[in-house]
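Inspection log for the structure reproduced underneath, given as structure tokens.
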Amino acid sequence: MQILLVEDDQLLAEGIVSALKQAGFAVHWVKTGKAACTHVVAEPPNIVLLDLGLPDMDGLEVLRHIRRKKLPIQVLILTARDGLDAKVSGLDAGADDYLTKPFAREELLARLRVLERRLGTSDTATIDVGSLSLNTANFHASLQGTDLALSKREYMLLKALVENLGIIQTKENLEAKLYSWGDEVASNAIEVHIHNLRKKLPESFIRTVRGIGYVVDRQ
Amino acid sequence: MKSIRIFLVIILIAIVTLANFIAALRGYTGSMVEAEKLFDQRLLQQAELLAYSAPANTNTNTNTNTNNTVVRQSQNASTDQPLQFQIINDATVVIERSAAMPETPVTELVAGLNLVNFNNYRWHTLVYRDVEKSLWIIVAERNDQRYRLAESMILQAVFPMVIAIPIIGVIIWLVVGFGLRPINRLASEFRQREANDLSIIKTTTMPSEFNQLIQSANELLRRLDASFDREKRFSGDAAHELRTPIAAMKIHCENLLQEMITPSVSAQKLQQGIERMSYLVEQILSLNRMSPDHFMGRFEPLNLTQLLKQQVAELSVAVHDHGHSIEFEGDECWVLGDGAALSTLLNNLLGNAIKYTPNNGKIYVATWLRGDQVVLEVMDNGAGIAPEACERVFDRFYRLDGDRNNSNVQGCGLGLSIVKQVVDLHGATITLTHSRFATGLLVIVSFLAVQKPIKKDNANAL
Chain A
1 MQILLVEDDQ LLAEGIVSAL KQAGFAVHWV KTGKAACTHV VAEPPNIVLL
51 DLGLPDMDGL EVLRHIRRKK LPIQVLILTA RDGLDAKVSG LDAGADDYLT
101 KPFAREELLA RLRVLERRLG TSDTATIDVG SLSLNTANFH ASLQGTDLAL
151 SKREYMLLKA LVENLGIIQT KENLEAKLYS WGDEVASNAI EVHIHNLRKK
201 LPESFIRTVR GIGYVVDRQ
Chain B
1 MKSIRIFLVI ILIAIVTLAN FIAALRGYTG SMVEAEKLFD QRLLQQAELL
51 AYSAPANTNT NTNTNTNNTV VRQSQNASTD QPLQFQIIND ATVVIERSAA
101 MPETPVTELV AGLNLVNFNN YRWHTLVYRD VEKSLWIIVA ERNDQRYRLA
151 ESMILQAVFP MVIAIPIIGV IIWLVVGFGL RPINRLASEF RQREANDLSI
201 IKTTTMPSEF NQLIQSANEL LRRLDASFDR EKRFSGDAAH ELRTPIAAMK
251 IHCENLLQEM ITPSVSAQKL QQGIERMSYL VEQILSLNRM SPDHFMGRFE
301 PLNLTQLLKQ QVAELSVAVH DHGHSIEFEG DECWVLGDGA ALSTLLNNLL
351 GNAIKYTPNN GKIYVATWLR GDQVVLEVMD NGAGIAPEAC ERVFDRFYRL
401 DGDRNNSNVQ GCGLGLSIVK QVVDLHGATI TLTHSRFATG LLVIVSFLAV
451 QKPIKKDNAN AL
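Structure follows, in structure tokens:
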């Protein structure tokens with residue numbers, strides 16, 4: 001897995017580089033937007049870790065450059081900028097994810113794993129939670145080695161929950177993931193799917209947070 | 001001078017009154033002289049008329065006795081009649097007279113004007129000689145009557161000036177008000193300004209007298225704007241400049257912990273220190289960002305319920321680590337607000353509930369629609385806040401007796417100050433009260449409700 005880190009702060013960049021190396025990623029580090037633009041064309045990485053505050057240009061320019069070239073690269077923005085606006089403009093410009101400084105090492109690695117999984121290489125496609133194993137490459141779930149027969153929507157729900165271990169998924173978020181805009185959603189659709197999922201999973205694997213949503217806790 | 005308007009009105013009315021008074025006085029004396037001439041002329045005409053209508057003096061030689069006198073009776077034979085007369089023949093016998101006149105000539109028979117006293121009054125008399133008919137004609141007019149008549153005529157002319165003064169006063173009041181309107185406009189221009197509106201004032205719509213004032217004010221506003229800009233840029237830059245090194249420290253520290261097979265206590269303490277500094281920096285930046293002078297938010301209808309659930313989701317790891325149970329209840333509520341500011345408010349309220357409730361506690365959150373109010377509730381079963389401390393908890397860096405809720409609770413005493421600022425920015429109210437659990441704190445924030453917008457607002461889904 002090739003990662004290109006675009007960050008002008010030496011101290012932070014060195015920290016990220018060693019964290020990523022410890023976690024088994026191959027990292028190349030550049031300091032400027034210009035160098036990044038050259039590098040993504042010459043040796044396209046799988047993932048770009050992009051700081052927005054670069055000395056020579058706005059990080060969003062690098063992002064637009066990558067999107068214009070239609071390169072199959074996942075982009076994770078790292079920024080010290082404030083607020084929702086920066087987040088929205090980053091995602092609008094085509095970023096795949098967004099992380100605000102300062103971030104926890106584990107958070108960074110977890111986000112990278114999600115992006116990695118999206119790239120669909122088989123060795124990284126499996127999510128293991130306790131006795132459950134979810135293969136995101138072939139949409140397959142198994143419990144203690146036994147196959148689980150899941151409907152497409154049940155699988156999508158389970159994936160959303162285990163990809164965000166320990167983080168409550170609100171009902172509205174799950175609905176948005178399951179149904180595209182305009183689809184008619186029955187008010188209890190999520191409850192029905194969760195009910196069906198629970199019958200196939202260990203007891204209290206999916207925890208209900210009353211009035212808010214559902215969570216799969218870290219095992 | 002308290003009010004330019006009142007000052008101008010009083011001064012102008014005084015000037016107008018004085019001018020009017022002098023004009024009236026001059027007019028009065030002048031008119032009196034004119035009236036005098038006019039009345040004398042009338043006497044003369046009257047005399048000529050009488051002479052014309054008088055019978056010719058045929059019996060000049062006869063000795064006429066007084067009994068022959070013809071007395072002309074008018075309807076009321078009193079001295080109130082404006083004009084009285086005597087017609088006298090050469091024998092100084094009054095042959096004809098008006099009823100109020102005595103039977104003897106009232107004055108010497110010398111042609112001309114005269115002032116005579118008789119019948120208890122002072123009279124203007126005119127003695128007129130009709131040569132053809134050889135008659136003397138005396139026409140008399142009472143002085144007081146003449147005077148009264150003249151005066152009433154003149155007063156008729158002067159009176160409108162007196163009535164005019166209040167009318168002029170009202171007009172002056174209005175005109176001065178109209179003339180001073182640009183001052184009011186300028187004042188309201190300043191009054192209606194938002195605290196963060198430092199745009200310059202346009203000089204085109206103002207009278208030229210204000211140019212100097214407006215130029216100076218604009219100069220001041222420009223300087224203020226520039227310094228606010230610097231301030232804002234500073235806090236923005238500070239955010240960046242502080243977050244990046246903290247991020248670096250944090251990742252190096254976590255790398256270090258990862259590299260050690262058994263993490264050393266010092267490394268763990270170092271990590272705690274970094275976490276605390278990071279939290280403090282974020283809180284100070286929040287407080288700065290949410291201060292009324294620096295607030296740059298955009299108000300739009302927001303789904304508060306959705307924001308609340310989102311914040312609960314973002315804090316789910318902390319909730320779970322403390323073993324708390326959390327639940328939501330209520331209606332879907334929309335308020336007019338700034339997403340980032342409201343998220344900060346919710347984050348701080350929830351953060352407090354999570355931190356200050358002993359492990360395995362209960363947290364309850366709700367949004368209710370109550371008439372035109374949206375009521376946000378965040379309740380826990382922790383130790384709560386004593387009523388006497390409720391006022392002080394909004395003060396910056398105030399912490400409840402240095403952590404009664406035991407040891408390693410991270411906090412810097414800014415959370416509720418930030419919450420209060422966001423509450424104030426949104427025109428909301430905040431109440432701290434007893435929890436409905438046996439112990440604990442209930443925070444109630446009331447907003448004004450707004451209608452859910454028809455168009456799906458996807459900015460809010462983030």
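So the protein sequences, as listed, match chains A and B. Under this note's numbering, the residue at position 207 of the first sequence is numbered 207, and the numbers go up by one with no gaps. Under this note's numbering, the residue at position 221 of the second sequence is numbered 221, and the numbers go up by one with no gaps. Beta carbons are placed, not taken as given, at the ideal position from N, Cα and C, and that holds for glycine.
Extract the residue ranges of the beta strand (DSSP E) inside the segment 254-316 of chain B, only unbroken runs of 3 or more that lie entirely within it. 300-303
Within 10 angstroms of the Cβ of Asp403/B, are there 16 or more other Cβ atoms? Answer buried if so, exposed if not. Indexing the second sequence from 1 puts residue 403/B at position 403. Unreliable placement is indicated for Asp403/B, whose pLDDT of 49 sits below 50; no coordinate value is reported for it.
Check: Got a sec: which bits of the segment 14-28 of chain A sit with their beta carbon under 7 Å from any beta carbon on chain B, in order along the chain?
Finding: Gly15, Ile16, Ser18, Ala19 and Gln22
TODO: With DSSP collapsed to three states, give me the class of Ile212/A.
DONE: Within the first sequence, residue 212/A is the residue found at index 212, counting from 1. DSSP places Ile212/A in coil when its eight states are reduced to three.
Requested in this report: Measure how close the beta-carbons of Arg111/A and Asp97/A come, nearest whole angstrom, since I'm counting them as under 8 Å.
Outcome: The residue labelled residue 111/A in the question sits at position 111 within the first sequence. The residue labelled residue 97/A in the question sits at position 97 within the first sequence. Their Cβ separation, rounded to whole angstroms, is 5 Å, which keeps Arg111/A and Asp97/A in contact under 8 Å.
Under 7 Å from the C-beta of Asp217/A: neighbouring residues of chain B:
Taking the first residue of the first sequence as position 1, residue 217/A is located at position 217. Neighbours of Asp217/A on chain B, chain order: His320.
- Buried or exposed by the 16-neighbour rule on C-beta atoms within 10 Å, applied to Arg230/B: Here residue 230/B refers to the residue found at position 230 when the second sequence is read from its first residue. Exposed, since its Cβ has fewer than 16 Cβ neighbours within 10 Å.
Please name the residue, chosen from Pro245/B, Ala23/B and Glu151/B, that lies closest to Glu464/B on a Cα-to-Cα basis.
-> Lying outside 1 to 462, the shown extent of chain B, residue 464/B is not represented and no answer is given.
- Message: Against chain B, which members of the segment 31-52 of chain A pass a CB distance test of less than 7 Å?
- Response: none
Leu134/A: first and last residue of the uninterrupted beta strand (DSSP E) it sits in: Mapped onto the first sequence, residue 134/A falls at position 134. That run of the beta strand (DSSP E) goes Leu132 to Asn135.
Between Ile212/A and Ile168/A, which are expected to be in contact by the criterion C-beta below 8 Å, what is the C-beta distance as a whole number of angstroms?
-> In the first sequence, residue 212/A corresponds to position 212, counting from 1. In the first sequence, residue 168/A corresponds to position 168, counting from 1. Going by Cβ atoms, the distance from Ile212/A to Ile168/A rounds to 6 Å, so yes, they are a contact pair.
ask   = Residues in its own chain within less than 8 Å of Asn117/B by CB, not counting five upstream and five downstream?
value = Counting from 1 along the second sequence, the entry for residue 117/B is found at position 117. Trp123, listed in sequence order.
**Asked** Is the CB of Gln272/B under 8 Å away from at least one CB in chain A?
**Response** On the second sequence, residue 272/B is found 272 positions in, with the first residue counted as 1. With 8 Å as the cut-off, Gln272/B does not count as an interface residue toward chain A.
ask   = Does any C-beta atom of chain C lie closer than 8 Å to the C-beta of Glu172/A?
value = Considering every chain present, this structure includes no chain C. Its protein chains are A and B.
| said: Quick check: is the beta carbon of Val375/B nearer than 8 Å to any beta carbon in chain A? | reply: Reading the second sequence from its first residue, position 375 is the one you call residue 375/B. It does not; no Cβ of chain A falls within 8 Å.
Within its chain, find whatever has a CB closer than 8 Å to the CB of Asp331/B; leave out the 5 residues flanking it on each side and keep chain order. Along the second sequence, read from residue 1 onward, the residue named residue 331/B stands at position 331. Correct list, in chain order: Thr305, Thr367, Trp368 and Leu369.
If you draw a straight line from the alpha carbon of Ala23/A to that of Arg396/B, how long is it in whole angstroms? If you number the first sequence from 1, residue 23/A lands on position 23. If you number the second sequence from 1, residue 396/B lands on position 396. Those two C-alpha atoms are separated by around 42 Å.
query: In whole angstroms, what separates the C-alpha of Leu126/B from that of Gln156/B?
result: Position 126 of the second sequence, counting from 1, holds the residue named residue 126/B. Position 156 of the second sequence, counting from 1, holds the residue named residue 156/B. Leu126/B and Gln156/B: Cα-Cα distance of roughly 28 Å.
For Pro207/B, which residues of its own chain have a beta-carbon under 6 Å away from its beta-carbon, when the five flanking residues on both sides are left out?
-> The residue you call residue 207/B lines up with position 207 of the second sequence. These residues qualify, in order along the chain: Pro182.
**Message:** Using a Cβ-Cβ cutoff of 9 Å, what residues of the segment 87-112 of chain A are near chain B? List them in chain order.
**Reply:** Lys87, Val88, Leu91, Thr100, Lys101, Pro102, Phe103, Ala104, Arg105, Glu106 and Leu108
Name the chain B residues that come within less than 9 Å of Asp9/A, Cβ to Cβ? As a first step, residue 9/A must be located in the first sequence, where it is residue number 9. Within chain B, the residues near Asp9/A are Thr244, Pro245, Ala247 and Ala248.
- Item | Beta-carbon neighbours of Leu12/A, restricted to chain B and to distances below 8 Å | Taking the first residue of the first sequence as 1, we reach residue 12/A at position 12. Neighbours of Leu12/A on chain B, chain order: Thr244, Pro245, Ala247, Ala248 and Ile251.
Beta carbon proximity, Val312/B to chain A, threshold 8 Å
Stepping through the second sequence from its first residue, residue 312/B is reached at position 312. Output row for Val312/B: interface = yes.
Buried or exposed: Thr66/B, going by 16 or more other Cβ atoms within 10 Å of its Cβ? What you label residue 66/B is simply residue 66 of the second sequence in a count that begins at 1. Its pLDDT being 46, under 50, Thr66/B is placed unreliably by the model, and nothing is read from it.
Practice item. Closer than 6 Å by C-beta to Ser31/B: which residues in its own chain qualify, once you throw out the five before and the five after it? Chain order, please. Key: By one-based count along the second sequence, residue 31/B stands at place 31. Ile154.
Contact between the segment 240-256 of chain B and the segment 307-314 of chain B: three or more CB pairs below 8 Å?
no
- prompt: What is the rounded straight-line gap between the Cα of Gln268/B and the Cα of Ile251/B?
  reply: As a working note, residue 268/B is residue 268 in the second sequence. As a working note, residue 251/B is residue 251 in the second sequence. Distance between the alpha carbons of Gln268/B and Ile251/B: 13 Å.
- request: Using a Cβ-Cβ cut-off of 8 Å, state whether Arg210/A counts as contacting chain B.
  value: Here residue 210/A is taken as the residue at index 210 of the first sequence, counted from 1. At least one chain B Cβ lies under 8 Å of Arg210/A.
Minimum Cβ-Cβ distance from Phe7/B to chain A less than 8 Å
In the second sequence, counting from the first residue as 1, residue 7/B sits at position 7. No - not a single Cβ of chain A is within 8 Å of the one on Phe7/B.
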